[in-house]
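*Asks:* Each residue of the sequence shown is one higher than the one before, starting from 18 at the first, in the numbering used here.
Here a beta-carbon is modelled for each residue, glycine too, at the ideal position from N, C-alpha and C.
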Amino acid sequence: MTVSSATGPRFSQILGVGGYRPERVVPNSELVEAMDSSDQWIQERSGIKTRHRAADDESVIDMAVAASREALAYAGLEASVIDTIILATVSHPFQTPAAAPEVAARLGLTCAAFDISAACAGYCYGVALASDLVRGGTAKHVLVIGVEKLSDFTDPADRSTGFLFGDGAGAAVIGPSETQGIYPTVWGSDGTHRDAITQRESWIEVRDRDLAWPTITMQGQTVFRWAVWSMAKKAQEALDAAGVRADELAAFIPHQANMRIIDAMIKTLHLPPEIPVARDIETTANTSAASVPLAMERMLREGTIERGGLALQIGFGAGLVYAAQVVRIP
Ligand SMILES: CC(C)(COP(=O)(O)OP(=O)(O)OC[C@H]1O[C@@H](n2cnc3c(N)ncnc32)[C@H](O)[C@@H]1OP(=O)(O)O)[C@@H](O)C(=O)NCCC(=O)NCCS
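This is the structure in structure tokens:
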């Protein structure tokens, strides 16, 4: 495939979104014994009632392909138009190769394909990259996928993460547009908090000290405070960068980290009560890189948001990293 040196169209847009949630639904009651918790505590502190868990033989590749096919169908496009795949994940269990080339092959493609690692901000990072690849003329149609099988990296006895994560995949097709469909991205990182959410030990430590399988550990309160105090500000900056007022939004789609974080952000943003807010966390839990596209896919499927309106989306998580942007709903 040739990389064009020409500049692309002035604008880009999301042409379609798709999602995949594994068949198996796991209620809180199945998890509470291992972490000495209760259904009531989990619901009160996080808003989570159930999550989906992938089957043992179901991989991030399988889930990514399923979500991608949905996004292509929504956009009314054949896979053959895709010339770049950006796959965001932190739970593909191979250090190398990346998951994206395998997804490309499963879709019958030999296009540019690579993974990015930006945890729960991965999809919004991917949208920023895809938009600029299209507008720069390097790509015409980019498939952005957020996919996680965090059940493989979760310690069932860990009280702060044992109930938090869900498995799934979300995808979007991003292509050219005559009007603005993806507004400027506000993004950044704070690596001084690298320990706030981290794989417990490095692969080297696991090998050399003969340790057990390394799962993800989280300082819940640190992450909670950071999200509540800092992320609403970043969401507001994304609105300002787009020149859009909160009351002009057709939807607010924050990362599905915790229902209380979502409620706090709504307050800080002074979001009018009639604006639909994604609350997919209740039955999908926190699917990290998949959470924002899955939440948008669900709102569209259930008819709670209107196509063509503007959505403010924000992802944030391990790193710490974040990315926010206003997008036109496909
Ligand atoms: C994980 C989280 C739900 C924990 O809630 P919290 O209100 O901060 O809980 P705390 O750790 O302060 O613990 C409060 C109490 O509940 C107890 N507790 C902690 N985990 C528990 C559990 N799973 N079940 C029952 N009780 C639990 C604690 O022992 C403590 O008891 P105490 O008051 O008697 O000492 C919350 O911190 C959170 O959602 N953080 C952000 C998570 C996030 O967004 N992560 C993803 C970013 S990508």
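Please tell me whether, using a cut-off of 7 Å, the distance from the CB of F170 to the nearest non-hydrogen atom of ligand 1 is below it.
*Replies:* For the purposes of this step, residue 170 is taken as the residue at position 153 of the sequence shown. No, ligand 1 has no heavy atom inside 7 Å of this Cβ.
*Asks:* Under 8 Å between the Cβ atoms of V34 and G260?
*Replies:* For the purposes of this step, residue 34 is taken as residue 17 along the sequence shown, with counting starting at 1. For the purposes of this step, residue 260 is taken as residue 243 along the sequence shown, with counting starting at 1. The criterion of a C-beta distance shorter than 8 Å is not satisfied by V34 and G260.
*Asks:* Roughly how many angstroms lie between the CA atoms of I214 and V107, to the nearest whole one?
*Replies:* Sequence index remark: in the sequence shown, residue 214 carries index 197 (1-based). Sequence index remark: in the sequence shown, residue 107 carries index 90 (1-based). Straight-line Cα distance between these residues: approximately 12 Å.
*Asks:* Cutting at 6 Å between CB atoms, please list the residues of its own chain near I279, excluding the five before and the five after it.
*Replies:* Locating residue 279 in the sequence shown gives position 262, counting from the first residue. Result list for I279: P271, in chain order.
*Asks:* Name the residue from H69, E75, S305 and F28 whose alpha carbon lies nearest to the alpha carbon of N45.
*Replies:* For the purposes of this step, residue 45 is taken as residue 28 along the sequence shown, with counting starting at 1. Taking only the C-alpha atoms, the option nearest N45 is H69.
*Asks:* Do T304 and T234 have their beta-carbon atoms positioned less than 8 Å apart in this structure?
*Replies:* Taking the sequence shown and counting its residues from 1, one reaches residue 234 at position 217. Taking the sequence shown and counting its residues from 1, one reaches residue 304 at position 287. No. Outside cutoff.
*Asks:* Restricting to Cα atoms, I'd like to know which of L329, A306, E323 and G332 is closest to A84.
*Replies:* The count along the sequence shown starts at 1 and reaches residue 84 at position 67. When each option's Cα is compared against that of A84, the closest is A306.
*Asks:* What is the DSSP secondary structure of V164, reduced to helix, strand or coil?
*Replies:* Counted from its first residue, the sequence shown places residue 164 at position 147. If DSSP states are grouped into helix, strand and coil, V164 belongs with the strands.
*Asks:* Would you check if the stretch 329 to 346 and the stretch 242 to 252 touch, i.e. whether three or more CB-CB distances between them fall below 8 Å?
*Replies:* Contact between the stretch 242 to 252 and the stretch 329 to 346 is established, with three or more Cβ pairs separated by less than 8 Å.
*Asks:* Per DSSP, S63 forms a beta bridge with which residues?
*Replies:* Taking the first residue of the sequence shown as position 1, residue 63 is located at position 46. DSSP, once it has assigned bridges, lists no residue as partnering S63.
*Asks:* Could you check if I221 is buried or exposed, using at least 16 other CB atoms within 10 Å of its CB as the buried criterion?
*Replies:* Residue 221 sits at position 204 when you count from the first residue of the sequence shown. Under this definition I221 is an exposed residue.
*Asks:* For ligand 1, is there a heavy atom less than 7 Å away from the beta-carbon of M248?
*Replies:* Position 231 of the sequence shown, counting from 1, holds the residue named residue 248. Not under cutoff, so the answer is no.
*Asks:* Residues in its own chain within less than 6 Å of S168 by CB, not counting five upstream and five downstream?
*Replies:* Walking along the sequence shown from the start, residue 168 turns up at place 151. Closer than 6 Å at Cβ, skipping near neighbours: R70 and D184.
*Asks:* Distance, Cα to Cα, P114 vs P290?
*Replies:* The count along the sequence shown starts at 1 and reaches residue 114 at position 97. The count along the sequence shown starts at 1 and reaches residue 290 at position 273. Those two C-alpha atoms are separated by around 46 Å.
*Asks:* Between which two residues does the alpha helix (DSSP H) holding F241 run?
*Replies:* Position 224 of the sequence shown holds residue 241. Its alpha helix (DSSP H) spans residues G237 to W243.
*Asks:* Mind checking whether H158 and V190 have CB atoms under 8 Å apart?
*Replies:* Within the sequence shown, residue 158 is the residue found at index 141, counting from 1. Within the sequence shown, residue 190 is the residue found at index 173, counting from 1. In contact: H158 and V190 (Cβ atoms closer than 8 Å).
*Asks:* CB S63 to CB N275, shorter than 8 Å?
*Replies:* Against the sequence shown, residue 63 aligns to sequence position 46. Against the sequence shown, residue 275 aligns to sequence position 258. Contact flag set, yes.
*Asks:* Between A96 and F269, what straight-line distance do the alpha-carbon atoms span, to the nearest angstrom?
*Replies:* Mapped onto the sequence shown, residue 96 falls at position 79. Mapped onto the sequence shown, residue 269 falls at position 252. Distance between the alpha carbons of A96 and F269: 29 Å.
*Asks:* Whole angstroms are fine: how far does the CA of V82 sit from the CA of E314?
*Replies:* The residue labelled residue 314 in the question sits at position 297 within the sequence shown. The residue labelled residue 82 in the question sits at position 65 within the sequence shown. Rounded to the nearest angstrom, the two C-alpha atoms are 15 Å apart.
*Asks:* My assumption, with CB atoms under 8 Å, is that G228 sits in contact with A263. Please give the rounded CB distance.
*Replies:* Position 211 of the sequence shown, counting from 1, holds the residue named residue 228. Position 246 of the sequence shown, counting from 1, holds the residue named residue 263. A small fix is needed here, since residue 228 is Leu in this sequence, not Gly. 47 Å between Cβ atoms; not a contact.
*Asks:* Is Q238 near ligand 1, with its Cβ less than 7 Å from a heavy atom?
*Replies:* Here residue 238 is taken as the residue at index 221 of the sequence shown, counted from 1. Checking every heavy atom of ligand 1 against the Cβ of Q238, one is found closer than 7 Å.
*Asks:* Among M248, T321 and I31, which residue has its Cα nearest to the Cα of C137?
*Replies:* On the sequence shown, position 120 is the one that residue 137 refers to. Considering only alpha carbons, the answer is M248.
*Asks:* Please report how far the alpha carbon of M52 lies from the alpha carbon of L181, in whole angstroms.
*Replies:* As a first step, residue 52 must be located in the sequence shown, where it is residue number 35. As a first step, residue 181 must be located in the sequence shown, where it is residue number 164. Approximately 12 Å between the Cα atoms of the pair.
*Asks:* Comparing alpha-carbon positions, which option in F111, E47, G143 and T301 lies nearest F170?
*Replies:* Counting from 1 along the sequence shown, the entry for residue 170 is found at position 153. Among F111, E47, G143 and T301, the Cα nearest to that of F170 belongs to F111.
*Asks:* Using beta-carbon positions only, say whether L317 and L266 come within less than 8 Å of one another.
*Replies:* Translated into the one-based positions of the sequence shown, residue 317 becomes position 300. Translated into the one-based positions of the sequence shown, residue 266 becomes position 249. No, the pair does not count as a contact, with Cβ atoms beyond the cut-off.
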